[in-house]
Amino acid sequence: MSISDIECEGIENSVFRGEPEVFLRRNILYVPNFGGGGDNSFGLYDETGRQLLSNAHFHGIPSILKTQPILTNLMASKSRPRIGHAIYGGAIGNHYGHFITECFNILWYYILYGKKNDKILFHSNLSVEEIYEKTWMRDFLNYAGVEKEQIIISKYPVVVENLVVPGQAFSEDGFVYEVYALACQKVGATAIRHASPLPDGAVYFSRNNIEYGTLKVINEYSLMDALSKFGVNIIYPEECSVATQIAALHRPSLGLIGSAFHASIFVDKPHAVILCPTKSPRRSYHLMDAVHSASIKYVKESQIIRCESPPNFRITFSLSDPSAVADEMFSRLFSISYNQLNDKNFLPKNEILKINNIYAENGDPIVLHCPSERMYSRSPLKNDVNVLAITLGKYIFLVAQDDDAPMLMVVKENKAAPVLVYKGDSFNGGLALQDLRTKTWLKAPPSQVGLCLHGDAQEVKKWESFFLKPNDFLEYSGRLAEIIRGLQDLAESGDIYDVSLRYPILRDAIKDLDFSLRN
């Protein structure tokens, strides 16, 4: 097989229903963006000089501020120029993808609730005139219902006496709200009325003519040629209008990972296969997909070759077999969405469920420190509760022995859930716990080391060895009782799909189980 699917990991707890909060803030200090993406001073600050963190730019997991400071470096003053009333509209930058993620994530409020007489305050290192000289920026704003006369971009700090500040509906790599897709689809519905005609059939979004960027595949043309033989139409996004790009994404789509696919947020139920030469796409892609019924598969080629990059590109690859990649991408375009649980995956029926306490190799119990949601190997301290290990065949489910079943977090695995599942393997009379996705091992440093459990061990030694003792406590209530009932049903039926529907609290663990059964 030339290509394989890239699994989506751990976004369920970062996808929120409805809308973020919207605030009416008074006396907000607006510090302009004069340096583009590298500006380390711009932002919205309250009258005490503190950044409004709900509207600052974060990225990464765990999230960190991109460049903006917590405190403004300006001197306090009550004599700055003032604006009476405005709606904040986000940041406008000269980058197609970031325009979608850093402007529309705030502009959603105006798109859905704004009026033509509203003034809209933006951050941008571009002037209003410079923005409207760029066709794609002008089109985006027009389709969002924003007129040139409404826009305020100050080149010096000002105080806004009354500023409507919508919460971010999307944050890079961090989270997303459903309203992000709702507002963008309203924009998309307006845009496609202005699209150029497109041929029937699937489309391929080519990066072949891009003169600079992050990613280049040097034999992309061979991939395009092979796809053309299947009747796939080739389009070059940078040569198309915004409206035509959005219209193209209403069709089955193929392409290399890139900002052009951020425009899928303007489409309801997009259907695509995206080739990702790097290890995996940014989490942002999966977050967007989660809020608009997307059926998008991210795939990688197993034998892809890293090459020396030409000028203006950061990463360059060569496909080992473009023709085979084209064949498999086209086949996947019309197969089941990999984001769905496979309803044909079952565990053995009528297994025996066993509830145990779990201990480290040195005999210390594994406990959860509830305030930090981290597990430790130590005698219980204040705010610690024991961790249960519930066995079901070869699988071990970890859950806190508390009626509220608080979250368990494992560092270096980037996972947190009320229930964590591992594969159990025997080791020197004990038990080693292997992550179902990464295949690394859970490690329990002894108490004198002072470190929590983490999940990055590449081999099993003393710290990766555990043992179990039966837990004889039989009365459970609350969320813990629900978890045990769900696992009991799973033990009897083996039907992971049915149990995931009836017991949402188990859904994260069952997705890991499903991954294990398919790989």
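Heads up: the sequence shown runs through residues 1 to 519, numbered per full-length UniProt numbering. Where a beta carbon is used, it is the ideal one built from N, C-alpha and C, also for glycine.
- Runs of the beta strand (DSSP E) lying entirely within the stretch 359-441, each at least 3 residues long, are 366-369, 374-377, 384-392, 395-400, 408-410, 415-417, 420-427, 430-435 in chain order.
- By DSSP's assignment, Asp495 forms a beta bridge with Phe346.
- Contact between Leu368 and Leu408 holds, since their C-beta atoms are separated by about 6 Å, short of 8 Å.
- Around the beta-carbon of Asp200, fewer than 16 other beta-carbon atoms lie within 10 Å, marking it exposed.
- When rounded, the separation of the alpha-carbon atoms in Ser323 and Ile274 is 16 Å.
- Annotation for Tyr285: the continuous alpha helix (DSSP H) segment containing it runs 283-290.
- Within the model, the alpha-carbon separation for Ser264 versus Gly60 is close to 21 Å.
- A distance below 8 Å separates the beta carbons of Lys297 and Arg332.
- Between the stretch 141-149 and the stretch 44-54, the count of C-beta pairs closer than 8 Å stays below three; the two stretches do not touch.
- One thing to note: Pro446 has its Cβ no nearer than 8 Å to the Cβ of Asp384.
- Distances from the alpha-carbon of Val22 to those of Ser127, Glu9, Asn105 put Asn105 closest.
- Cβ-Cβ distances below 7 Å link Arg314 to Thr214 in the same chain, with the five nearest sequence neighbours on each side left out; the list follows chain order.
- Each of Phe467, Trp441, Phe473, Asn471 was checked against the Cα of Val460, and the nearest Cα belongs to Trp441.
- Here Ile234 is near Tyr204, since their CB atoms are less than 8 Å apart.
- Contact annotation: Phe122 and Ile87 have beta-carbon atoms that are not nearer than 8 Å.
- Per DSSP, Gly90 is one residue of the beta strand (DSSP E) stretching across 82-91.
- Runs of the alpha helix (DSSP H) spanning 4 or more residues and lying entirely within the stretch 145-184 do not occur at all.
- Judged by DSSP in its simplified three-state form, Gly114 adopts coil rather than helix or strand.
- Contact between Leu490 and Leu392 holds, since their C-beta atoms are separated by about 7 Å, short of 8 Å.
- When DSSP states are grouped into helix, strand and coil, Leu517 belongs to the helix group.
- Annotation for Leu227: Tyr204, Leu254, Ala326, Phe330 place their beta carbon closer than 7 Å to its own, counting only its chain and skipping 5 residues before and after.
- The DSSP-derived three-state label of Ser335 is coil.
- Residues of the same chain with a CB within less than 7 Å of the CB of Lys462, apart from the 5 flanking positions on each side, are Glu361 in chain order.
- For Pro470, DSSP records a beta bridge to Asn356.
- Within a 10 Å sphere around the beta-carbon of Asp472 sit fewer than 16 other beta-carbons, which makes this residue exposed.
- Pairing Glu129 with Glu238, the inter-Cα distance amounts to about 21 Å.
- Here DSSP, grouped into helix, strand and coil, assigns Phe140 to helix.
- The beta carbon of Gly114 sits closer than 8 Å to the beta carbons of Ile87, Ile120, Gly145 from its chain, once the five residues preceding and following it are set aside; these are given in chain order.
- Our two residues, His454 and Glu413, have alpha carbons roughly 7 Å apart in a direct line.
- Tyr110 and Gln245 have their C-alpha atoms roughly 23 Å apart.
- By the C-beta criterion, the stretch 287-307 is judged not to be in contact with the stretch 26-37, since fewer than 3 inter-stretch pairs fall below 8 Å.
- Around Ser154, the same chain offers Tyr30, Pro32 as residues with beta carbons nearer than 7 Å, after the five sequence neighbours per side are excluded.
- Secondary structure of Phe16 (DSSP, three-state): strand.
- The distance from the Cβ of Ala389 to that of Leu480 is about 14 Å, inconsistent with a contact at the 8 Å cut-off.
- Our two residues, Cys103 and Asn209, have alpha carbons roughly 27 Å apart in a direct line.
- Here the alpha carbons of Val411 and Gly188 stand approximately 40 Å from one another.
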